[in-house]
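Right, one structure below, let's go through it.
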Amino acid sequence: MAPGAPPRDLGAQRRHGQLPAEVTGFIGRKAELARVTALLEAGRLVTVFGPGGVGKTRLALRAAALVQDRYPDGTCLIELSGTDDPGMLAATVADRLAIPAGGRPDPDVVIDYLRHQRMLLILDTCEHLIDACADLAEAAILGAPGVTLLATSRQPLDVLGEHTFLVPPLPVPALVPGDGASAAGGDALELFGQRAAAAVPGFQVTPANRPDAIRLCQRLDGIPLAIELAAVRLRALPLPELTARLDNRFQVLTSGRRGAVPRHQTLRSATDWSYRLCSPAERELWARLSAFAGGFDAGAAHEACADPGTSRADTLATLAALVDKSVVLRETADGDRYRLLDTLREYGRELLAASGREAAIRDRLLARALRQARAFEAACLADDQLARFRALHAEDANLQAALGHALGGPPGAERERAGADLAIALAPYWLISGLLAEGSQWLDRVLDRFAQASPQRARALAIRGRLATFRGDIPAAVADIEASIPLAGELGDELLAARAPMYLSLALAFAGRHEEAAAAGARAQRLMAAADDQDGLACGYPQLALLAQLTGDLDRCLALCGRGLRLLGDRGGERWVHSYLHLVAAFAYFRQPGRTAECLAELREALQAEQELGDLTGLAYALEILGWMAARERRLERAAWLLGAADGLWRQSGRRLDGIALLAEQHDAAVQAARDALGDKRYAALAATGRRRPLAYVIGHALAGTDELRKAETGAGPGAGAAVGGTLTAREQEIAVLVASGLSNREIAGRLFISKRTVDAHVEHIFSKLDISSRVQLTVWLRDKLAAVPAAAVPATAVPATAVPAARG
219 MAPGAPPRDL GAQRRHGQLP AEVTGFIGRK AELARVTALL EAGRLVTVFG PGGVGKTRLA
279 LRAAALVQDR YPDGTCLIEL SGTDDPGMLA ATVADRLAIP AGGRPDPDVV IDYLRHQRML
339 LILDTCEHLI DACADLAEAA ILGAPGVTLL ATSRQPLDVL GEHTFLVPPL PVPALVPGDG
399 ASAAGGDALE LFGQRAAAAV PGFQVTPANR PDAIRLCQRL DGIPLAIELA AVRLRALPLP
459 ELTARLDNRF QVLTSGRRGA VPRHQTLRSA TDWSYRLCSP AERELWARLS AFAGGFDAGA
519 AHEACADPGT SRADTLATLA ALVDKSVVLR ETADGDRYRL LDTLREYGRE LLAASGREAA
579 IRDRLLARAL RQARAFEAAC LADDQLARFR ALHAEDANLQ AALGHALGGP PGAERERAGA
639 DLAIALAPYW LISGLLAEGS QWLDRVLDRF AQASPQRARA LAIRGRLATF RGDIPAAVAD
699 IEASIPLAGE LGDELLAARA PMYLSLALAF AGRHEEAAAA GARAQRLMAA ADDQDGLACG
759 YPQLALLAQL TGDLDRCLAL CGRGLRLLGD RGGERWVHSY LHLVAAFAYF RQPGRTAECL
819 AELREALQAE QELGDLTGLA YALEILGWMA ARERRLERAA WLLGAADGLW RQSGRRLDGI
879 ALLAEQHDAA VQAARDALGD KRYAALAATG RRRPLAYVIG HALAGTDELR KAETGAGPGA
939 GAAVGGTLTA REQEIAVLVA SGLSNREIAG RLFISKRTVD AHVEHIFSKL DISSRVQLTV
999 WLRDKLAAVP AAAVPATAVP ATAVPAARG
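Letter 148 of the sequence shown, counting from 1, is numbered 366 in our numbering, and no numbers are missing.
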């Protein structure tokens, strides 16, 4: 005992030396626990913060249990949710510590007691007493050197020396299109399964109900409180119905939990608690931000949500306050993107609807979306195409919401025109992203509303026909495009009148009507040249080259591909047209004996461009041709998994090989050769492996020329170089350490000065090689396999990064 220290109350010591027993299983959080325990060793004040219901208290208590041996005087949990008066904080702490004091204890009494202690003090639920907790924490840091504080809050305390950790939602596994649920697990799904089994004896997550369970966890953002409340509702509702009714989650998830603190008894009570902590300005911005269906940046928040006369600085200050309170989540370290969790968005939408301003805010978002789409349309073949495309792709959910408001919301001629113009301006986006079905559906709505001759009708017909061509619905494509051409002439739309015949040429080529396709293509070239439409001419060259190939003129095909590349000239950053010129050339070389090297060189160029864009259709074509080459060379296992991977992409993007007979013949021949040699069962197994492996992993093996699509756990991928720990390359180890330290892929990209898509690919490779599915599992692997990780590789705080969002695929 230190000289002059007050005598210890051993009974009190026993009381605050024990933590509450866990009454339900603790799921996952290995990486988070490692981070929090490391922070507790590095500093004397650690604040675990995040949205309501994300599991801050459970994480803090589990971390405290792991480190309690460091504190000779034990640990003490101070639960503050029942303390409403900041002036009573010291009394609450003193009572829990059993500090003998006459009358009402003040902070000095508490600090005097703590000065002689070597203990961990846990302040749980600080957000409603934030200033008082900050004052107490600061005083303890200065006056009680043996005390470490662990706080839980919906916002940091902002005290000098504070270390903060943002608690993320639990990871949720993905659903693989065409194959149901992925093989990956996900802590959110495990939590749901455990809690559902407790609520409904005998319940299990099975292959049959797994997709619904995953959708439920996705809709609830992986928030533990929401998942636990949903599990209880299984007593009254079957899982598919419960998942379907989550649009009204505040009405559905109302079952109170006995013994829970009031703010956690229902989903609404948890969200109400956050709302009460906000100022009037913060509540108003929360409501307006709920109109965003996806992420947004600070400029968008000001543009769409600020009142006239409100300065940008004021909007940013209010937005920053919502971030501090964990209402708005920051998606990157430098704050260039933000989002609301779905639950908080739904709550905000109720507020927005009640305010009477919902239509006006959504009109502003519609106008913003139209400006963005037109800007991309005007420069869709520019040298910075990739950056522009990724920026627009990041707005996908907001674009869909704007279209829904304009074409499915309240009637209004001006709003419907803006919606029609938006759907039309998004034409290059629909094509590059592979969102052919979605684009077609919106154009259906445009044509329903614009039944008479109008610029909107003419362009919508032409674009819907173009999308139908790539979807393989050739009769509909020809009908739509042919109907658009006279309308364009009647309305004086010279650009459409020039481009529509080129759209028709491709549809006719796919239909096998080659002479008509050639005539339409020649007409389009004349009109586009007369209009100096360089972008239209560039887009036409892959189509003209393909037509030459379909008619057997391979020399002309290759010449047209070269001409198209020359026309693009110094626009080397343009990826979409480049990729298709290389693809068509690759097929031409494939059909010529002895030109395998040229074919592979073209496919490499195409694959790189398509992977950067996330163009599933182009990737499917490239993997198909590689599969055909493998079959021709009797490398039939390689052919099987390549064709399986391509098949998975066709299921997502459209009709296989666009229904072109010549290409279908090559596909059928390759599949039959592989089946004959391997047998149906072996072929099916290899094809399924190719379909289910991470796409970046498949492409890596495809380009490396390996015959075996190796199992994830067998070692490094092809071309990996020297492996670290027998599995990961040096670069992959570096990225793995940064992932486990809590950095997002964008933050890692900024730290290593590489693109986010490159980081995405590396993370996919790492997961596949190690046969894992989450960052938590990666942390465990690092702990077991890489015991000596340099401290510098695990930063205490995330490094700000600026990177563009990844494209679909």
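Note that beta-carbon positions come from the ideal geometry of N, C-alpha and C, so glycine has one too.
Owing to the predicted nature of the structure, the values given are computational and were not obtained by experimental measurement.
What is the rounded straight-line gap between the Cα of Asp753 and the Cα of Ala892?
41 Å
Suppose you measure from the CA of Pro238 to the CA of Pro374; what does that come to, to the nearest Å?
24 Å
From Leu177 to Thr561, what does the alpha carbon distance come to, in whole angstroms?
Nothing in the structure corresponds to residue 177, since the chain is present only between 219 and 1027.
Using 8 Å for Cβ pairs, my map puts Pro646 next to Glu595. What's the rounded Cβ distance?
6 Å
Can you tell me the Cα-Cα spacing of Ala509 and Leu654, whole angstroms?
Counting only the Cα atoms, Leu654 lies some 25 Å from Ala509.
For Ala882 and Leu722, I'd like the C-alpha separation in whole angstroms.
21 Å
So His732 packs on Thr687, CB below 8 Å; how close in whole Å?
Going by Cβ atoms, the distance from His732 to Thr687 rounds to 15 Å, so no, they are not a contact pair.
I'd like to know if the segment 355-368 and the segment 528-543 are in contact, where contact means that at least 3 CB-CB pairs between them fall below 8 Å.
no
In the DSSP assignment, find the alpha helix (DSSP H) that holds Met337 and state where it starts and stops.
No alpha helix (DSSP H) holds Met337; the beta strand (DSSP E) holding it covers 337-342.
For Phe421, I'd like the list of residues in its chain whose CB is within less than 7 Å of its CB, leaving aside the five on either flank, ordered along the chain.
Ala414, Ala415, Leu452
To the nearest angstrom, report how far apart Gln890 and Leu604 are at their CA atoms.
Cα to Cα, the separation comes out at about 38 Å.
Within the 7 Å Cβ cut-off, does Ala355 reach chain B?
Of the chains in the structure shown, none is chain B; there is only one protein chain.
Check Tyr556 in the structure and name its three-state DSSP category.
strand
How is the beta strand (DSSP E) around Ser371 delimited, first residue to last?
Start and end: 365-371.
For Thr835 and Val664, I'd like the C-alpha separation in whole angstroms.
25 Å
Over the uninterrupted beta strand (DSSP E) stretch that includes Glu211, give me the two end residues.
Only positions 219 to 1027 of the chain appear in this structure, which leaves residue 211 out of reach.
So, at 7 Å on beta carbons, what are the nonlocal neighbours of Val977 in its own chain, with the 5 sequence-adjacent residues on each side left out?
Ile953, Asn963, Ile966, Ala967
So, is Gly790 buried or exposed, given that buried needs 16 or more other C-beta atoms within 10 angstroms?
Exposed, since its Cβ has fewer than 16 Cβ neighbours within 10 Å.
What first and last residue would you give for the beta strand (DSSP E) that runs through Phe594?
Here Phe594 belongs to no beta strand (DSSP E); instead the alpha helix (DSSP H) covers 576-596.
For Phe514, which beta-bridge partners are listed by DSSP?
For Phe514, which the question treats as bridged, DSSP gives the partners Tyr556.
If I measure Cβ to Cβ from Gln286 and keep anything under 6 Å in the same chain, skipping five residues before and after, which residues do I get?
Around Gln286, the same chain offers Thr293 as residues with beta carbons nearer than 6 Å, after the five sequence neighbours per side are excluded.
Measure from the alpha carbon of Gly872 to the alpha carbon of each residue in Glu613, Leu685, Asp313, Gly379, then state which is nearest.
Leu685
May I have the straight-line CA-CA distance separating Tyr798 from Leu384, to the nearest angstrom?
Looking at the backbone, the Cα of Tyr798 and that of Leu384 are separated by about 44 Å.
DSSP on Val266, reduced to helix/strand/coil?
Here Val266 carries a strand assignment [DSSP, helix/strand/coil].
On the DSSP letters alone, give me the boundaries of the beta strand (DSSP E) that Val546 sits inside.
546-548
Just reading off the beta strand (DSSP E) that Phe383 is part of, what are its end residues?
380-384
Beta carbon of Leu786, beta carbon of Ala756: below 7 Å?
yes
In this structure, does DSSP put Phe360 in helix, strand or coil?
For the sequence presented, residue 360 should be read as Leu rather than Phe. If DSSP states are grouped into helix, strand and coil, Leu360 belongs with the helices.
Would you grab the beta carbon distance between Gln829 and Ile699 for me? Rounded to a whole angstrom, and I think it's under 8 Å.
Incorrect: roughly 30 Å between the Cβ atoms, too far for contact.
What would DSSP say about Pro646, mapped onto helix, strand or coil?
helix
Would you identify the three-state DSSP class for Val254, choosing helix, strand or coil?
helix
Going by DSSP in three states, Glu240 sits in which element: helix, strand or coil?
coil
For Gly271 versus Ala488, is the C-beta distance shorter than 7 Å?
yes
Quick check on Cys351: does DSSP put it in helix, strand or coil?
helix
Taking Arg911 as the reference, which of Ala920, Arg567, Ala863 has the closest Cα?
Ranking the options by Cα distance to Arg911, first place goes to Ala863.
So, do the segment 670-680 and the segment 619-628 have three or more beta carbon pairs nearer to each other than 8 Å?
no
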